Every structure is written in C-alpha cells, then in structure tokens.
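In my numbering, the protein residues as written are 20 to 861. Ideal placement from N, C-alpha and C gives every residue a C-beta, glycine not left out. These figures come from a predicted structure and were not determined experimentally.
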C-alpha cells in the first residue's frame, strides 16, 4: 500500500496517492512517513482543516508536523486579513512556530516590504542565508525576495550559491533578470545618453520577454512613456511563450505607461494592452498546473484596481466627473478592498464639489490601512479641501510619526500650512521635499538651477490698472498636468519664494480720450510706482504708491463753437463767449496711496495728485468673505475721483470769476455675489453712489451688474480661451456732462444699459505671458438736457441763449479691445506692455 502511494505520487495522480496514503494511515496510524506525506499533500492543496483533523486523529499534536500545520493556518489567516498590522503579526507568529521554513519567512518578508519595511524583510531572510551551509530552499526563497525588491545584485549572488541541479526555471529567470539589470545599470550611468543606451539594450534578442520588462521599467523612470511602450510591444512579439506571471508584469507596465503619458492616443493603446494581458492571464491560469499564487492574485487585483483609478482620473481631467462616478462607484461597491479605485472615487467627489464625501471615502479606506502614508496623504488633502483643519492636522502629525522623511509627509505639512495661509512654513516644507528627493537622486529635484527658469515664473496677467497705484504684476501659481511631481514642487517653491519677496512695480501709463479741446478731450500721463511688503503671505501685505500724474486737455476758449460751454463764459453779455485767446489747461501733481490687504479684508487711503488745482482725500474698504467654498460676498465702499475729464479729476479755473470748480468725488457702496468654479464663474451685484465736487451740483447714481464667463478651450493649463456674457445698467439723477460752472464734466446719463459678449485668450510660454481681451455688444443710453448753471446762484438767468444742453439718446454697437504682454527678462525683472481701445457711450 505504501509503495502504491509513492508510485501514484511520482506519476502525478494526486487523488489516487491521497487514497493510498489514507489507507496506510488507517492501518498504521503511527506511520510517521505516511502521515507526513499526507499532511504535505493536504497543505499543498490548501486543505488545512483536513490536515488539522489528521494531526488530531493520528496523535501528532506536539510534533514538528503539527507546528507546520499550525504555521500554515496562521499563513492562511494572514492572507485573509486586510489589516497590514494584523497580517504582519500573524506571519511573525508563523515564523516563530516554524523558524526554519524559508517559505513562511518569505511571506513575512514580503508583507514587511509591502508596509515600507523592506530592510526588516531582508533581515528576516538573512537569518537562514547567512548560515555557513544554508539549504537550497532558503537560498531560493531569499533570491525570490531580493528579486521582488529589485535587489538584483543580491539575487544573483544567492543564485550563484545554488548547485546547478537546483537551478529551476524560475531561478534561471531571476538570474536572467539580474544580468539584464546589470546591463541596464551600466546604460543608466551614461548620463544624457542613458535613454539611447536603454533603447539599444531592447534591440538584443529577448526570447523570454524578461529583458523587455526591465528595459521598459527603466525607460519609464526616465519619463519615456512612448519608448517604454514600444519596448513592451517588441518584447511581447519576441517572447516564445509568456507565462501568466509575466502577463501580469506586462499589464502593470502598460498601466504605468497610461499613468505617465499625456498622449490620449498612447493612453488608449496602453489601456487595450492592459486589458489584453489581464485576459491572457485569466485564460492562462485555467490551464492545468497554472494555479495562481496568492501574490499573483493580489497583483492582478492591483492592476485592475489601478486601471479603474486611472480611467476615473482621466474622465475627471476631461471635465466629466459624472461619467467617472458611474464608472468607479459600482466597482468599489463590489471591490471594497480596491484602494486605488476608492481613492479615485474620493477625487471624483472632490471634482463634483463634494469635499465632505471625498473625505469620508478616504477615512473609510484608512480604516483598513491606518498606517499607509499614501492614504494618509490623500486624506490630509481631502480634509483640507473640506475645511476640516483638525482632521488635517491630526493626520499630518500621524504621517510625521510614521514616515518623518517621506516626501508625502512634507507635502502634507505644506498643504496644512497653505490651508492656514502660512506661506513661510509652506515654503520651508516644500524645500524639505526638494532636499529629500535630491538625496534620493531624483534628477528633476536635484537640478536646483531649474528654479531660475523664467518658465517657472508666471505673473498674474489678469491684474488691471488702478488709478494712483498702477498695474502690479504679482506672482501666480498654475498647476500644469505635464509637470512631474518634482517639477510641480519646484514651481511651487518659485511661486512661494516670489510671493514672500518684496515687490516694486513701476508703470508708464498713457490714456487718451477724444472730445473737444479743453472740455471732454483728455490725455493723461501717469508714472505710478508701488512697493509691496508681504507679511506671512501675499494675502497679507501692505503697499505704498506714489503716482506722478500729468493731464493735458487743450484750450477751451480757442474753439468758438464750444467757448460758451466753459465756465461762466455763457454769461458774457451779448456774445455769450469769453474773449481772449485763452491757454491750454495742463496740470500735474503727485498722488499718494497706502493699501493694506489681509485675506478677505482690504483698505486703502491716499490723495488725488497733490499739485492739482483741487486735491481730495480718497480711500476704499472692502470685505470679501467666502460664504461657501465657491460663493463670495463682496461688500465695498469708499471715495474715489471721477476721472472722465480734467474738470472732474483735477478741477479747472473759471476765466470769468477766477474761481476754481470741479474735482468730483464719488462716494459709493456696492454689494456683489460671485460664484467661482474652476471652469466658470458668475456674478451679480448692485450699488449706489453720491457724487459731489467743488462748486459742482451734487448727483446720485444707481447701478446693477450681472454676468458670467466660462473656459471654452484649455491647452494643458498653458493657454485658455474664455467667453461670457455681461449685462450692466446705471443711471444718474441728473446729467452733469457739461463743462459750465456748477457742472462736473462727467458722463452721467439718466439711463444706460449694455449687453456685452467678452472673449479672451491668455497664455504662458517660456518667458512670455499674454492676455488678449475683447468685448462687443449692444448699448443704449439716454441723457436729459441740463441747465448751464444748475447751482441756483442766479447765473442761469443771465446765460445767453441757449442756456440748456446735453439732451441726447443713442443706441448701437459698443466694444473694447485690450492686449497685454509680459516678458520675464530675469528671475527678478518683468517687463510688460498693455494697450487698449474702447468705444463707449461717451
């Protein structure tokens, strides 16, 4: 009977062999050899309960054989748990139970490596291999572990210690990988020629397909997605037979190509190859003798999980979060252990502006892997997006404890600091990330001269010109999909450094307004200079401005047809005109301003140009709190000059009385709601203003505005085109658009509305940043006639006919165009030019 059992075993007839061994044991329960062989067969088949029952029935409960069965039970339990700590604990107990079993040690070492403790795993295997005469199984298991950690030098050294007869097909593959990796390492030491050297290695014969996997992996480390894809396709074509485990390796690398490539066509091709290899693997393991190992099953699940996550992220990137939700939500419902897909689901929720749900998803994933730095980092981000500062801070502290020198940890510290608007701490954390990556020999991170590249400096091109302050060009941050993680970190460092640095902006501003000389015609020349000092961030700063300003309007008396429209000239008896040649009314002065910004609060105080005939104290205050993440309530008020004409801006001297009048101030209050999303924004608001000046009749104004704009084209965040629709209305109580005594000289219709369609193109490339904006649409306005002298001071009665003017109404096309370009001359110097033209109602 025992001979028959041994014969059936040799012939591979497992069922018959088991039946024979059971016959031997039933007749001779103490036959240790038969019990051992039967237990081995049961353990190989995963029938641990049957093995435990056999140990009990045969009385070997205190034997080494019983220890093997108990160890197998612990290994089985470790494979079933989803908790990393519990898995490691169970496998540690298994190793203590069977300390000389190299395969149990291999499982523990792999579990430790999976939790970022590869060095501990290496030590676990070394206990057996560092002995004078290690077993073949110990050397083989240790070689497999080293191979799995890409420690090819160690795997090769271990395999060379095996006798030739012990070199299985698996060991030959491991040795081939080690030798190929040696060639790859030599190619990567070629510096700038590394990629060329790697491609040359791929041209060598590769009947096993192993070299292609290693070369493609190396090319991916050099961000060469297309080259890696080509090598993989060549490797598949050359391989005489691709095993199921190799299919998983090919699928994983095709997945990496998908994640790395920016080409939609390449991503689509790689996706097809991922699915093809997964299908080939599924078919291969159905063949006799090709049962999948536990590791292969985990790998297959991880590849499918990663594929689902990448597909979801791509849909979100293309602006289709609803499609991403329909794709990934059912999958995560049936695959609760699919970590990458569940993290992707959280990102989908974030894209749908549901940060609380995103955080809840990450926190649920974290329950099964509480010490996984990647999951902790994702949860920190979602907690920050959900404005849950306490959770973000707690998770960041845990990250610092678990992985104090991991880049993910310090990027979490940086995001925490950003949430608290602590730019200096954010900058310090990101510079630490750069140092960590530099020490790990990441080329992108180590090239610190990259931070001097003008392309990393991107001014806020949308900032407009403000009277007395000019147009400032602060730094702006843009996330570029094409950036590697290191490049994105470097770009952030440059932005943070610049936003914390003092800034000096100088402008040369020229504005020309058509009209009658000395009246509506105006040329303004200003040279505002603004110095800005940030505190802990650019959102908290103070600015000081000085603005030399020159106004030129010509001679109002030179034109006989408009002479009577100036000052008190219309009261001159008989002619209604001032005599004499007159002179050009040109003025100059220096404006002053101090501006303070603290997040959603800002205020400024200053003066209209000192040296003008009339100077005024000016100032503004604004509150702009976020009511929600996307909704802003903007409340503002203040006192500003009306700059339509020299009369309204500076004041002018009357040639008849010798007195000065004009310099109209606008005291206003406004409220605005702004709904801002990444791809579009909406706004609506209204305001009221009181206008008054020196010897000028007072006036009131009401206004209302609404509109929106949306991105209709985006080129990898480097260029974009936006289009929108704007509606505006305003009306004044009286028309004060004349230039006679008591009038203000500013456009003030009783009714004005316009519907405009804005279109803008902005972008950045290397040292250049630009903005081209145009608006076109329809406008209508109506102005009532106005007395020459509205102050009720008796002058109206003495005015020579006609004594009223200004009644008009018009409808038609209106529009404006503006172009702005900025050149980053040096890391510290920007040069800009802006030109514009406007056709308006007046």
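- One thing to note: residue 688 has its Cβ within 7 angstroms of the Cβ of residue 707.
- Annotated three-state conformation of residue 837 is strand, per DSSP.
- In this structure, the alpha-carbon of residue 166 lies about 23 angstroms from that of residue 248.
- A Cβ-Cβ contact shorter than 7 angstroms links residue 475 with residue 510.
- Contact between residue 267 and residue 319 is confirmed by a C-beta separation of about 6 angstroms, below the 8 angstroms threshold.
- Pairing residue 677 with residue 657 gives a Cβ-Cβ distance that is not under 7 angstroms.
- Assignment of residue 424 by DSSP, reduced to helix, strand and coil, places it in the coil class.
- By the criterion of a C-beta distance shorter than 6 angstroms, residue 270 is surrounded in its chain by 293, 296, 297, 322, once the five residues flanking it on both sides are discounted.
- Rounded to the nearest whole angstrom, the CA to CA distance from residue 834 to residue 857 is 6 angstroms.
- If only complete runs of 4 or more residues are kept, the region 646-713 shows the alpha helix (DSSP H) at 665-668, in order along the chain.
- Annotation for residue 703: 692, 725 place their beta carbon closer than 6 angstroms to its own, counting only its chain and skipping 5 residues before and after.
- Going by C-alpha positions, residue 203 is about 10 angstroms away from residue 235.
- Beta-bridge partners of residue 566 (DSSP): 610.
- DSSP places residue 269 inside the alpha helix (DSSP H), whose first and last residues are 263-279.
- Counting only residues of its own chain and dropping the five nearest sequence neighbours on each side, residue 758 has a CB closer than 6 angstroms to the CB of 538, 584, 585, 666, 764.
- Secondary structure note for residue 163: its alpha helix (DSSP H) is the uninterrupted segment 155-167.
- Taking the CA atoms as reference points, residue 557 sits about 5 angstroms from residue 518.
- Within the same chain, and ignoring the five residues on either side of residue 650 in sequence, the residues whose Cβ sits closer than 6 angstroms to its Cβ are 694.
- Of the residues assessed, residue 594 falls on the exposed side of the cut-off, its CB having fewer than 16 other CB atoms within 10 angstroms.
- In the displayed model, residue 773 falls within a strand according to three-state DSSP.
- Closest option to residue 348, judged by alpha-carbon separation, among 335, 615, 367, 387: 367.
- Residue range 504-518 is occupied by the alpha helix (DSSP H) that includes residue 506.
- Look at residue 180 here: in three-state DSSP terms it is coil, with no helix or strand label.
- Beta-bridge annotation (DSSP): residue 801 is paired with 770, 828.
- For residue 132, the closest of 486, 579, 391 by C-alpha to C-alpha distance is 391.
- Excluding its 5 nearest sequence neighbours in each direction, residue 832 has no C-beta neighbour in its own chain below 6 angstroms.
- It is roughly 28 angstroms from the alpha-carbon of residue 750 to the alpha-carbon of residue 488.
- In this structure, the beta-carbon distance from residue 244 to residue 211 does not fall below 7 angstroms.
- Around the beta carbon of residue 787, fewer than 16 other beta carbons lie within 10 angstroms, which makes this residue exposed.
- Along the length of the region 338-399, whole alpha helix (DSSP H) runs at least 4 residues long occupy 340-353, 358-370, 374-387, reported in chain order.
- Per the coordinates, the alpha-carbon of residue 170 lies some 18 angstroms from the alpha-carbon of residue 147.
- The three-state secondary structure of residue 307, taken from DSSP, is coil.
- Looking only at 400, 496, 181, 543, the smallest Cα-Cα distance to residue 736 is reached by 496.
- Within the region 214-262, the complete alpha helix (DSSP H) segments of 4 residues or longer fall at 229-240, 244-257, listed in chain order.
- For the 7 angstroms CB-CB criterion, residue 561 and residue 615 form a contact.
- Residue 436 is positioned such that its CB atom lies no closer than 7 angstroms to that of residue 428.
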